[in-house]
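Here is the structure we will look at.
Numbering (the numbering used here), first residue to last: 176 to 449.
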């Protein structure tokens with residue numbers, strides 16, 4: 176399959192916003208819904224081979240069918256919870272073996288459990304940390320040797336809440352740790368030719384998710400929240416997927432250990448203030 180997004184400069188170097196030639200292999204955790212789905216579709220459009228995991232079989236089947244129908248590519252899927260560390264590690268190993276190579280890893284799966292400080296148990300802090308810190312670490316641990324062999328890279332999806340404080344604190348703390356972890360792993364893996372970066376999306380408008388429900392159930396509160404964005408609108412997940420694709424590409428070869436906000440200049444990460 177041709178990489179229709181790419182051109183060449185006068186010196187013959189690739190001038191492209193894509194991860195490179197068709198056939199590169201990328202793993203996306205949480206890649207069947209929301210931002211993960213948009214990332215999967217963007218990379219498929221660029222001719223990548225993809226392995227996607229998620230918890231919901233129907234969503235995995237739907238994105239696999241969409242990738243086949245729109246881009247004529249097969250998609251390796253696995254139904255698993257990234258909190259199951261052994262299943263996650265096995266998925267990364269199996270995907271690399273299936274493709275015979277691994278060029279990219281994107282860890283989109285994340286989330287939080289618990290409410291405010293007084294209403295949060297120790298188990299909520301633990302689960303939130305495992306989702307946002309341990310899961311990317313395990314996935315990258317298993318992928319690192321393969322990425323070193325191809326000069327590949329990893330993108331960890333953090334959040335605006337990781338560097339602009341907002342409750343719940345367990346989520347903000349975990350996302351801040353993820354940003355710092357990416358920078359630390361970039362230093363560790365850089366000598367092996369592996370880049371590690373973070374993307375921090377702002378509040379995204381995704382149908383069926385929290386901000387879309389706020390829009391439908393409390394339009395006045397939603398309009399007030401839109402004022403937190405200089406452009407007057409929440410973030411489109413497709414725009415975040417474009418930045419992820421860029422960070423996986425050769426054009427981003429000098430970007431390493433960075434946290435890239437894709438938040439539209441958002442101020443407060445919460446509709447209810449800091």
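Built from N, CA and C at the ideal position, the CB exists for glycine as well. This one's a predicted model, so the numbers in the text were calculated from it and none came from an experiment.
Asked                                                                                                                                                            : Found
Please report the distance separating the alpha-carbon of residue 126 from that of residue 199.                                                                  : This structure cannot settle anything about residue 126, because the visible part of the chain is limited to 176 through 449.
When you compare only the Cα positions, how much space is there between residue 286 and residue 343?                                                             : 11 Å
In whole angstroms, what separates the C-alpha of residue 258 from that of residue 428?                                                                          : 31 Å
Between which two residues does the beta strand (DSSP E) containing residue 435 stretch?                                                                         : 434-437
Considering only residues of the same chain and omitting the five flanking positions on each side of residue 306, which have a CB-CB separation below 6 Å?       : 285 and 286
Under 8 Å between the Cβ atoms of residue 329 and residue 432?                                                                                                   : no
Taking the alpha-carbon positions, what's the residue 377 to residue 345 distance?                                                                               : 17 Å
How would you write the range of the beta strand (DSSP E) that residue 416 sits in, first residue to last?                                                       : Segment 412-423 is the alpha helix (DSSP H) holding residue 416; no beta strand (DSSP E) there.
Quick one: measure Cβ to Cβ for residue 203 and residue 219, integer angstroms, because I've assumed they're closer than 8 Å.                                    : Contact flag wrong, Cβ pair sits at about 10 Å.
CB-CB under 6 Å to residue 400, same chain, minus the five flanking residues each way: which ones, in chain order?                                               : 446
Using C-beta distances below 7 Å, list every residue in its chain close to residue 246, excluding the 5 sequence neighbours before and after it, in chain order. : 219 and 220
Where do the N-terminal and C-terminal ends of the beta strand (DSSP E) with residue 333 fall, by residue?                                                       : Taken as a continuous stretch (DSSP letters only), residue 333 belongs to no beta strand (DSSP E), as it is neither H nor E.
Measuring straight from C-alpha to C-alpha, what distance separates residue 331 and residue 392?                                                                 : 32 Å
So what does residue 280 bridge to, in DSSP terms?                                                                                                               : 202 and 329
Pull up the CB-CB distance for residue 335 and residue 374, whole angstroms please, since I reckon it's below 8 Å.                                               : The pair is not a contact, with the Cβ atoms about 11 Å apart (cut-off 8 Å).
Could you give the DSSP three-state label for residue 214: helix, strand or coil?                                                                                : helix
In whole angstroms, what separates the C-alpha of residue 267 from that of residue 408?                                                                          : 36 Å
Which two residues bound the contiguous alpha helix (DSSP H) that contains residue 247?                                                                          : Premise fails: residue 247 is in no alpha helix (DSSP H) and is neither H nor E.
Check whether the Cβ atoms of residue 308 and residue 358 sit closer than 8 Å, and answer yes or no.                                                             : no
Going straight from the alpha carbon of residue 321 to that of residue 224, what length do you get?                                                              : 15 Å
Residue 299 and residue 316 look like a contact to me (Cβ under 8 Å); what is the Cβ gap, rounded to whole Å?                                                    : Actually they do not touch by this definition, with Cβ atoms about 25 Å apart.
So, at 7 Å on beta carbons, what are the nonlocal neighbours of residue 263 in its own chain, with the 5 sequence-adjacent residues on each side left out?       : 255, 257, 310, 313 and 314
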